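Visitor: Quick one: the structure is below, and I'll ask about it shortly.
2 protein chains.
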Amino acid sequence: MFESAEVDHEISKDEYNRMEEELREQLLAAQLVLREQGKQAVLVVIAGVDAAGKGETVQLINTWLDPRRVHTFAFGEPSDEERDRPPLWRYWRVLPPKGEVGIFFDSWYNAPLQAYVAGEIDAAEFDRAIDRANRFERMLANEGFVLLKLWFHITKKEQRKRFRELEADKLTRWRVTKQDWRNFEAYDEIVAAAGRAVRESSTDVAPWIVVPGKDERYRGITVGRALLDALCNEEVGAAPSDTSMHPVAAIDGNSVLAALDSTLTVDEDTYERELEHWQGRLAKLVRRAKFASRSLVVVFEGVDAAGKGGAIRRVTAPVDPRLYQVVAIAAPTDEERARPYLWRFWRHLPRLGKIVVFDRSWYGRVLVERVEGFCTTSDWMRAYSEINDFEEQLVERGAIIVKLWLHITQEEQLRRFEERQQEARKRHKIGPDDWRNREKWPRYEQAVTDMIDRTSTEFAPWDLIEANDKSFARVKILRTICERLEAAME
Amino acid sequence: MFESAEVDHEISKDEYNRMEEELREQLLAAQLVLREQGKQAVLVVIAGVDAAGKGETVQLINTWLDPRRVHTFAFGEPSDEERDRPPLWRYWRVLPPKGEVGIFFDSWYNAPLQAYVAGEIDAAEFDRAIDRANRFERMLANEGFVLLKLWFHITKKEQRKRFRELEADKLTRWRVTKQDWRNFEAYDEIVAAAGRAVRESSTDVAPWIVVPGKDERYRGITVGRALLDALCNEEVGAAPSDTSMHPVAAIDGNSVLAALDSTLTVDEDTYERELEHWQGRLAKLVRRAKFASRSLVVVFEGVDAAGKGGAIRRVTAPVDPRLYQVVAIAAPTDEERARPYLWRFWRHLPRLGKIVVFDRSWYGRVLVERVEGFCTTSDWMRAYSEINDFEEQLVERGAIIVKLWLHITQEEQLRRFEERQQEARKRHKIGPDDWRNREKWPRYEQAVTDMIDRTSTEFAPWDLIEANDKSFARVKILRTICERLEAAME
Chain V
2 MFESAEVDHE ISKDEYNRME EELREQLLAA QLVLREQGKQ AVLVVIAGVD
52 AAGKGETVQL INTWLDPRRV HTFAFGEPSD EERDRPPLWR YWRVLPPKGE
102 VGIFFDSWYN APLQAYVAGE IDAAEFDRAI DRANRFERML ANEGFVLLKL
152 WFHITKKEQR KRFRELEADK LTRWRVTKQD WRNFEAYDEI VAAAGRAVRE
202 SSTDVAPWIV VPGKDERYRG ITVGRALLDA LCNEEVGAAP SDTSMHPVAA
252 IDGNSVLAAL DSTLTVDEDT YERELEHWQG RLAKLVRRAK FASRSLVVVF
302 EGVDAAGKGG AIRRVTAPVD PRLYQVVAIA APTDEERARP YLWRFWRHLP
352 RLGKIVVFDR SWYGRVLVER VEGFCTTSDW MRAYSEINDF EEQLVERGAI
402 IVKLWLHITQ EEQLRRFEER QQEARKRHKI GPDDWRNREK WPRYEQAVTD
452 MIDRTSTEFA PWDLIEANDK SFARVKILRT ICERLEAAME
Chain Z
2 MFESAEVDHE ISKDEYNRME EELREQLLAA QLVLREQGKQ AVLVVIAGVD
52 AAGKGETVQL INTWLDPRRV HTFAFGEPSD EERDRPPLWR YWRVLPPKGE
102 VGIFFDSWYN APLQAYVAGE IDAAEFDRAI DRANRFERML ANEGFVLLKL
152 WFHITKKEQR KRFRELEADK LTRWRVTKQD WRNFEAYDEI VAAAGRAVRE
202 SSTDVAPWIV VPGKDERYRG ITVGRALLDA LCNEEVGAAP SDTSMHPVAA
252 IDGNSVLAAL DSTLTVDEDT YERELEHWQG RLAKLVRRAK FASRSLVVVF
302 EGVDAAGKGG AIRRVTAPVD PRLYQVVAIA APTDEERARP YLWRFWRHLP
352 RLGKIVVFDR SWYGRVLVER VEGFCTTSDW MRAYSEINDF EEQLVERGAI
402 IVKLWLHITQ EEQLRRFEER QQEARKRHKI GPDDWRNREK WPRYEQAVTD
452 MIDRTSTEFA PWDLIEANDK SFARVKILRT ICERLEAAME
């Protein structure tokens, strides 16, 4: 993997000065274009063996570029807020917006590499971690990120020489720690593991570039040119060639939705009794000691007037308001629009012991955005697995995910729309958009069916709620949430 | 203070049901208006003695209102990210946007009250904390917040009765802790301190409302009506009556800016030598062990083409990029526009051991916003003390603030503008706005003079940089930052 990087490379000082001056001008110009077009973000991932010049090179990049549009992050030990969320949360929260450059010193490769070298995970688990990294990076690329992954390499002999030089100078002695010497002892294992990671995660959208770390000038120009390529990359931000592949509709028109019994109701007495019962149970469940190391994410989806708002109120009513947040998803803010579509959901993820209720969610991608043509077929087709990846990470960090589809019939929706128009108090809840969406009913129904088929997983299944009768729906929703909590806390 | 709350109050069940139904409808309608107008945010601050029904009441509010637009926060122990910033940071970060409702369970009153009752701070320090709370709340009110501060009160006798009742039931026993009984013992001291706090922080813009906690129904209706008043408050969001008071210009035209010697220069050799010297020193200073418990905030201000960008690059170049972020302040995002003007700066405050460089800053309020009339005279007049309060909090939490005004003469600006227009590479840096701003030179100069007079404090002084010669300016800036760091870390 690293053979070429061990060949001696050198650039003379004069040559370097000439190259640097040219490069610098090109980089600044390219950064300006990146910013003005605002279609892409560039993310530079820094990795490699110790003392191979990572810090020096990042410092160099920062002097070349306009530092006001470059955001460098070193992650180190996670904060307590970060530990409560999936490992990728800390990277998501600082993703640069389109038009800007991010430099990540540590990345999602650090933890699996360390664990693998230390023998804490086996090859299969390591490969799985790398596979996840690939999936994450592919998503970023599809969302307009140009990924530049740099692996800094020097030989073991060179590393020893550098450590000794640093130790000899009292000004730089602090830079060499005991851990560094331990890593030096494990050099061969680290490089072997790194080789595996680099090999398995060099994809078409995010290949690794191995940087020979020995010669400072050669290293600088190598990175500068790679960065220039990344800044000028037109491919990623360009509209991807669209696919015509998409799920196939059932030929006989039958579907999981059509199979629901829309006549289900409860009478008022049963409703009052059941509601009180399940609300009491929910209040107790989230107070359990065990819940302090879990979190709850409830997703409400459903057509307009399906009764999401009213149902959410019945769910939150019994719960201590210190424990939950309700997040209503409307049009994205401009900060959200400048980042991958999942960013706005990552930022609302609960800490352990807490609850977030989403009134509409990331499923907008495969529902309204699909049907209205707000994204390409490729975009929503890939969203299914991106969403599954997202939810899997959440569940692995302790989240219990309850996804509810509130199903009403077309006739019932019409009845509710008309009711809304007649009642002064409810008139604000209905507008021309709602009537327009109604005309697309069959297309929405197809989108819902596909969504359920493709994102109902063993770790985060969909629950379909017959919602023509609001009382029936509310009781079933509360019961579902309680049962899922109980099962998860067994 | 709490006499009226100890009188017996009662509402019959029938009366309550009738009142509640009416209230509920009014609250929902008012919440909708609040949201549609988007001019104000409502912030409900909850405080009071234990077992007086705080939690129950907030739960009730959440069932009355549309929970999708209500954000309830209990703060408890600060996270490590919060501990690295001024105490108010945790409240700033979750301030609701205009149109929505925030409910804060604990607030800026908790810490001083606890410390005072425990004898850790004396009356003078307590009063100072309350004064700060008042200033913070006045700022919020001026920025469109309606503040509803609720103090829940019950007598000592009633408190004992409730604790015993809760302990008698095995389902609620967990709610009474040893700390609660200790607080019970200290009831008189707590209520005395609370009386002092309530008295001193009942202002015209944020009065306390004392809620009698004994009767559940009376308590609920009391809070509901107060909340309705807050939601319907038209006063705050309305444009405040403007002031005609403002700083007086010097009669003879002399000023701190005019007194600067704009002919100062350095020759190229001195520049290279000095630059290297101070850059090396800066790199070392921020690596000192002592810096790990401090942070550095550098503010760059100056007219267009004053050389801010180039100077920032010279400052960041020697510093490990893992330590700093550069924040370029342009037009606010829509999330920022929905909140007080200082919010966008609070969100970028560094953790301890880190550096943030602001390319333009909160001083925009008293410079461009004043001169261009983007805010009223009252707005920028009050900004001076709001900014001083902000910076004082930062300094108290370990920040070293360096504020740099880069001064160039009008002739030098013209020369640079013309240079920019001629050089293809720099043409993007100049537009019609720049020429327009130039015409307002005297007004900007007055604004700068006032800013320096009113915000150059002993904890965060302004440094004026003669910047007609870029080299001279860069050296002076680096030296200033180094000297301030050294002095602060003595």
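The listed protein sequences derive, respectively, from chains V and Z.
Counting along the first sequence from 1, when you hit position 375 you're at 376 in the working numbering, and nothing is skipped either side.
Counting along the second sequence from 1, when you hit position 27 you're at 28 in the working numbering, and nothing is skipped either side.
Note that the Cβ used here is the ideal one computed from N, Cα and C, for glycine as well.
The structure presented is a predicted model; accordingly, all values stated were derived computationally and were not measured.
1) Which residues in chain Z have a C-beta closer than 7 Å to the C-beta of Phe-494 of chain V? List them in chain order.
2) Return the Cβ separation of His-429 of chain Z and Leu-33 of chain V in integer angstroms, given the expectation that the two are a contact with Cβ distance under 8 Å.
3) Can you pull the chain Z neighbours of Ser-296 of chain V, defined as C-beta to C-beta under 9 Å?
4) Does any heavy atom of the ligand NAP sit closer than 7 Å to the C-beta of Trp-436 of chain V?
5) Looking at the C-beta of Val-476 of chain Z, does it have a partner C-beta in chain V at a distance below 8 Å?
6) Between the beta-carbon of Ala-42 of chain V and the beta-carbon of Gly-103 of chain V, is there less than 8 Å?
7) According to DSSP, is Lys-404 of chain V part of a helix, a strand, or is it coil?
8) What does Ala-124 of chain V reach in chain Z if we use C-beta pairs closer than 8 Å?
9) Output the distance between the C-alpha atoms of Thr-244 of chain Z and Ala-142 of chain Z, rounded to the nearest integer angstrom.
10) With a Cβ-Cβ cutoff of 8 Å, do Asp-335 of chain Z and Asp-335 of chain V count as a contact?
11) According to DSSP, is Glu-367 of chain V part of a helix, a strand, or is it coil?
12) Can you check whether the CB of Ala-468 of chain V is closer than 8 Å to the CB of Gly-308 of chain V?
13) List the whole-angstrom C-beta distance separating Ile-210 of chain Z from Ala-53 of chain Z, where the pair is believed to meet the contact cut-off of C-beta under 8 Å.
14) Have a look at Leu-486 of chain V and Leu-229 of chain V and give me their C-alpha separation to the nearest angstrom.
15) Would Cys-302 of chain V and Tyr-342 of chain V be called neighbours here (beta carbons separated by less than 8 Å)?
16) Comparing the C-beta of Leu-33 of chain Z with each C-beta of chain V, is any distance below 8 Å?
17) Check Pro-213 of chain V in the structure and name its three-state DSSP category.
18) Return the residue from the list V:Ile-47, V:Leu-35, V:Ile-12 that minimises the CA-CA distance to Glu-101 of chain V.
19) Using a C-beta cutoff of 8 Å, does Gly-238 of chain V count as contacting chain Z?
20) Assuming Ile-388 of chain Z is part of the alpha helix (DSSP H), what are its boundary residues?
21) Please classify Trp-344 of chain Z: does DSSP put it in a helix, a strand, or coil?
22) Would a C-beta distance cut-off of 8 Å place Leu-407 of chain Z and Ile-466 of chain Z closer than the cut-off?
23) I need the DSSP call for Ser-296 of chain Z, collapsed to helix, strand or coil.
24) Since Ala-329 of chain V meets chain Z, which of its residues come closer than 8 Å, beta carbon to beta carbon?
25) Buried or exposed: Gly-254 of chain Z, going by 16 or more other Cβ atoms within 10 Å of its Cβ?
26) For Gly-225 of chain Z, tell me which candidate among Z:Glu-26, Z:Asp-181, Z:Glu-387, Z:Gly-310 has the shortest Cα-Cα distance.
27) Nearest to Val-367 of chain V by alpha carbon, out of V:Ala-448, V:Arg-421, V:Lys-158?
28) Report the neighbours of His-429 of chain Z on chain V: residues whose CB is nearer than 7 Å to its CB, in chain order.
29) Looking at the strands, I want to know which residues DSSP matches up with Asn-74 of chain Z.
30) Going straight from the alpha carbon of Asp-493 of chain V to that of Asp-132 of chain V, what length do you get?
31) Does DSSP put Leu-89 of chain Z in a helix, in a strand, or in coil?
32) Under 8 Å between beta-carbons, which chain V residues line up against Ile-313 of chain Z? List them in chain order, please.
33) When the cut-off is 8 Å and only beta carbons count, does Ala-448 of chain V lie next to chain Z?
34) Looking at chain Z, which residues of the region 160–182 of chain V have a Cβ within less than 7 Å of any of its Cβ atoms?
35) Under three-state DSSP, which class holds Lys-150 of chain Z?
36) Measure the C-alpha to C-alpha separation of Gln-180 of chain V and Arg-282 of chain Z and round it to an integer number of angstroms.
Guide: For this structure:
1) Residue 494 of chain V is absent from the structure shown; chain V starts at 2 and stops at 491.
2) 6 Å
3) Result: empty, since nearest Cβ-Cβ is about 16 Å, beyond 9 Å.
4) Summarising the ligand content, the structure contains no ligands, and the ligand NAP is consequently not present.
5) no
6) yes
7) strand
8) Ordered by position in chain Z, no residue passes the 8 Å Cβ test against Ala-124 of chain V, which lies about 32 Å from the chain.
9) 17 Å
10) yes
11) The sequence given here has Val at residue 367 of chain V, not Glu. Note: Val-367 of chain V maps to helix in three-state DSSP.
12) yes
13) About 13 Å separates the two Cβ atoms, so there is no contact after all.
14) 51 Å
15) The sequence given here places Glu at residue 302 of chain V; Cys does not occur at that position. No, the pair does not count as a contact, with Cβ atoms beyond the cut-off.
16) yes
17) strand
18) V:Leu-35
19) Unreliable positioning characterises Gly-238 of chain V in this predicted model, as indicated by a pLDDT of 46, which lies under 50. A coordinate reading is not provided.
20) 378–397
21) helix
22) yes
23) strand
24) Arg-69, Arg-70
25) exposed
26) Z:Glu-26
27) V:Ala-448
28) Leu-33
29) Note on residue identity: the sequence assigns Phe, not Asn, to residue 74 of chain Z. Paired residues: Z:Phe-105.
30) Nothing can be reported for residue 493 of chain V, as the shown portion of chain V is limited to 2 through 491.
31) coil
32) Pro-68, Arg-69
33) no
34) none
35) strand
36) 28 Å
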